[in-house]
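Asker: I am attaching a structure below and will ask some questions about it afterwards.
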Amino acid sequence: MKLKALIIEDNEQNMYMLTFLLENNNYEVFQAFNGLDGIKAAIEHSPDVILLDIQLPQMDGYQIAKELRKKSDLQHIPIVAVTSHAMVGDREKAMESGATGYIEKPIDPDNFIQRMESYFSEELQQRKIRL
Ligand code: MN
Numbered sequence: 006m007k008l009k010a011l012i013i014e015d016n017e018q019n020m021y022m023l024t025f026l027l028e029n030n031n032y033e034v035f036q037a038f039n040g041l042d043g044i045k046a047a048i049e050h051s052p053d054v055i056l057l058d059i060q061l062p063q064m065d066g067y068q069i070a071k072e073l074r075k076k077s078d079l080q081h082i083p084i085v086a087v088t089s090h091a092m093v094g095d096r097e098k099a100m101e102s103g104a105t106g107y108i109e110k111p112i113d114p115d116n117f118i119q120r121m122e123s124y125f126s127e128e129l130q131q132r133k134i135r136l
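Just so we're aligned, residue 6 is where the sequence shown starts under the numbering used here, counting upward by one.
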């Protein structure tokens, strides 16, 4: 069984790149292009990790993270904010909203997966190793 990753991202190119990287690293990928679909997909698929864009139409990534954390089943899932806002305070804002980690865009394909997995719990890292 593969680990499941949910990507919430509205930019087609970023979605393509993240999907490509994750699939190449043996993840099963679910895609959502907006917050509402992302929350629905999180409930439906219980992913092992959620990659969350911050700049999204309607509901932004901060709001989405807050909504996800309200659901008891989703509280333990690592949420990694992926954002091009390289502004002071963004990391803090993401963490306050419930994100586990933060990776700035443009993403570096050579270390993205490693950085994402660095936010996994010990238990999840062990599961990944055993797969
Ligand atoms: Mn975006």
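Positions of the beta carbon are idealized from the N, C-alpha and C atoms, including for glycine.
#1: Who are the near neighbours of SER51 in its chain, counting only those whose CB is closer than 8 Å to its CB and skipping five residues on each side?
#2: Check this for me: beta carbons of ILE108 and LYS76, under 8 Å apart or not?
#3: If we count Cβ pairs, one from each stretch, closer than 8 Å, do we get three or more for the segment 23–34 versus the segment 63–76?
#4: Could you please give the first and the last residue of the uninterrupted alpha helix (DSSP H) stretch that includes TYR124?
#5: Given 7 Å as the limit, tell me if LEU57 has its C-beta closer than that to any heavy atom belonging to the ligand MN.
#6: What is the DSSP secondary structure of LEU27, reduced to helix, strand or coil?
#7: As a quick exercise: from ARG120, LEU129, MET121, ASP15, pick the residue whose alpha carbon is nearest that of LEU61.
#8: By the three-class DSSP mapping on this structure, what secondary structure does ILE82 have?
#9: Hey, out of VAL54, LEU11, ASP53, whose CA is closest to ASP42's CA?
#10: Out of LYS7, PHE38, ASP58, ILE13, which has the shortest C-alpha to C-alpha gap to ARG96?
#11: Between GLN60 and the ligand MN, is there a pair consisting of the residue's CB and a ligand heavy atom that are separated by less than 7 Å?
Answerer: This is what the structure gives:
#1: Here residue 51 corresponds to residue number 46 of the sequence shown, with the count starting at 1. These residues qualify, in order along the chain: LYS9, ASP78, LEU79, ILE82.
#2: Translated into positions along the sequence shown, residue 108 becomes position 103. Translated into positions along the sequence shown, residue 76 becomes position 71. Against a cut-off of 8 Å, the Cβ pair of LYS76 and ILE108 comes out as no contact.
#3: no
#4: Residue 124 sits at position 119 when you count from the first residue of the sequence shown. Note, TYR124: premise wrong, no alpha helix (DSSP H); not H, not E.
#5: On the sequence shown, position 52 is the one that residue 57 refers to. The answer is no for LEU57.
#6: Translated into positions along the sequence shown, residue 27 becomes position 22. Looking at LEU27 - three-state DSSP - the assignment turns out to be helix.
#7: Start at 1 with the first residue of the sequence shown, and residue 61 comes out as number 56. Looking at the Cα atoms, ASP15 is the closest of the given residues.
#8: As a first step, residue 82 must be located in the sequence shown, where it is residue number 77. Looking at ILE82 - three-state DSSP - the assignment turns out to be coil, as it is neither helix nor strand.
#9: As a first step, residue 42 must be located in the sequence shown, where it is residue number 37. Measuring from the Cα of ASP42, the nearest candidate turns out to be LEU11.
#10: Translated into the one-based positions of the sequence shown, residue 96 becomes position 91. ARG96 has its Cα closest to that of ASP58, out of LYS7, PHE38, ASP58, ILE13.
#11: On the sequence shown, residue 60 is found 55 positions in, with the first residue counted as 1. Yes.
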